[in-house]
Amino acid sequence: YELDTVYKGKTFFDGFDFNTTPDGSSGYVKYLSKGEAESKNVIKAYTNSVTIGVDKNTPTGNNGRGTVKIESKKSFESGLFVARFKHFPQKTCGAWPSFFLFGPQWPNNGELDIYKQWNEASHNSISAVTNETVAGQCKLNPSKYEGATETFNCDVDTPAQFFGQGCSVKETDGQWSKSTGGTYAVQWTDDFIKVWSWPYSSTPSNVKSEHPVPKEMGSGSWGKAHWAVYKETCNIQTAFNSLKIALNIDFCRDCYGSDNQWPWSCKQKTGKSSCESYIKSLSSSKLNDLYWEVEDIKVFQ
């Protein structure tokens with residue numbers, strides 16, 4: 001693998017568009033432009049990292065709490081993606097941080113959720129969403145990865161799964177909500193897609209090198225992937241294409257964050273009858289740890 005694209009430091013945000021359209025999942029969030037985010041200290045770029053957080057000012061009206069949704073200007077058809085984080089957003093009732101790859105037409109071009117959970121979940125869920133009508137059947141084979149399978153079928157609308165849930169794996173020894181950060185790597189080829197992760201401080205040197213060599217066995221092994229899908233059970237070339245890198249923090253989005261889910265998740269703990277009322281009420285100090293710190297994101301081809 002050779003380095004193709006790097007997002008890092010002072011120029012990190014130059015490689016991303018700031019999507020300010022209203023949240024498609026009805027979240028209580030207002031996505032800010034780059035200028036707005038800078039003026040509100042939601043984003044900051046340093047020499048060796050960037051931070052991406054939320055607006056700590058109280059939201060007005062129905063605007064939602066301010067944050068950003070960034071999407072890479074460049075799209076990809078394959079590659080090795082290595083993202084190093086120095087800090088993950090603290091798990092918070094109502095919050096939904098996501099780091100993912102997505103296509104221009106959802107779900108026809110596919111989506112890979114590398115880091116995603118909500119409220120005060122205990123683990124990260126790695127998942128993919130496809131459209132069986134367009135790409136054919138796409139399913140997981142648990143023998144190919146070490147995570148605990150939550151759902152097998154990647155199709156966006158599968159019976160007995162939430163709409164849009166896709167094929168999901170519980171990252172049993174993952175980096176969810178770690179203040180000390182972590183590294184995620186995705187290898188995407190015509191034959192398979194694999195996802196690994198490590199704590200930031202123990203990321204293998206091979207992963208951090210300028211010429212990484214992903215492998216699951218032998219000297220310098222990355223270990224078995226946490227999540228994987230193979231061409232034997234998924235037409236990868238048809239199911240995933242023209243994917244961009246995206247990162248955001250959402251609030252109170254449909255399904256898992258909506259009011260019909262709130263009672264069994266965070267209502268008792270927060271004392272608030274709705275997700276929106278809780279997120280609106282949060283003081284600045286309660287939001288101090290709700291941020292990403294990204295050292296870099298590298299794409300190799």
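The opening position of the sequence shown corresponds to residue 1 in this note's numbering, with each subsequent residue numbered one higher. The beta-carbon is built from N, C-alpha and C at its ideal position, and this holds for glycine as well.
Limits of the unbroken alpha helix (DSSP H) element including residue i
i, result
"Gln187", "Run containing Gln187: none in the alpha helix (DSSP H); it sits in the beta strand (DSSP E), 182-188."
"Gly35", "34-39"
"Ser379", "As shown, the chain starts at 1 and ends at 301. That puts residue 379 outside it, with no answer to give."
Closest by C-alpha distance to residue i, when choosing among the options
i, options, result
"Asn19", "Cys138, Glu2, Val68", "Val68"
"Gly136", "Val29, Ala37, Lys34, Thr158", "Thr158"
"Asn235", "Phe192, Thr180, Ser242, Glu36", "Phe192"
"Asn63", "Asn288, Cys252, Lys286", "Cys252"
"Ser39", "Asp55, Lys139, Asp14", "Asp55"
"Val6", "Ser98, Thr233, Asp254, Lys208", "Lys208"
"Asn109", "Lys244, Ile43, Phe99", "Lys244"
"Lys73", "Gly103, Thr47, Arg65, Trp96", "Gly103"
"Thr133", "Gln268, Cys154, Glu150", "Cys154"
"Phe163", "Ser285, Trp106, Gly66", "Trp106"
"Lys286", "Tyr1, Gly53, Ala37", "Gly53"
"Pro97", "Thr149, Ser221, Asn248, Ser219", "Asn248"
One or two residues paired with residue i in a DSSP bridge
i, result
"Cys138", "Cys234"
"Gly66", "Lys30"
"His87", "Glu293"
"Leu243", "Phe76"
"Phe18", "Ile70"
"Asn109", "According to DSSP, Asn109 bridges with nothing at all."
"Leu101", "Leu112, Ile245"
"Val299", "Thr5, Phe81"
"Thr151", "Ser168"
"Phe192", "Tyr230"
Pair within 8 Å by beta-carbon distance, residue i and residue j
i, j, result
"Val156", "Thr130", "yes"
"Leu112", "Phe300", "no"
"Glu71", "Phe16", "yes"
"Leu306", "Ala185", "Because residue 306 is not part of the residues shown, which for the chain are 1 to 301, the question remains open."
"Thr51", "Leu290", "no"
"Lys280", "Pro59", "yes"
"Asn48", "Gly9", "yes"
"Phe13", "Ala45", "yes"
"Pro204", "Gly182", "no"
"Tyr230", "Asn141", "yes"
"Glu171", "Ser197", "yes"
"Arg65", "Tyr31", "no"
The beta strand (DSSP E) enclosing residue i, as first and last residue numbers
i, result
"Tyr305", "Outside the shown range of the chain, which is 1 to 301, sits residue 305, and nothing can be said about it."
"Tyr7", "3-8"
"Val50", "50-52"
Short CB-CB distance (under 8 Å) between residue i and chain B
i, result
"Val68", "The structure shown contains no chain B; it holds only a single protein chain."
Residue i beta carbon near the ligand COA (any heavy atom closer than 7 Å)
i, result
"Gly66", "As for the ligand COA, it is missing from this structure, which has no ligand bound."
Worksheet item: Should the region 142-158 be called in touch with the region 206-226, which here means at least 3 C-beta pairs below 8 Å?
Response: yes
Practice prompt. Spell out a yes or no on whether the region 290-299 and the region 80-97 are touching, meaning 3 or more CB-CB pairs, one atom from each, closer than 8 Å.
Written response: yes
Item to complete: Please confirm if the region 121-135 is in contact with the region 165-182, defined as three or more CB-CB distances below 8 Å between the two stretches.
Response: yes
Practice prompt. Could you say if the region 174-181 and the region 114-124 meet the contact criterion of at least three C-beta pairs nearer than 8 Å?
Written response: yes
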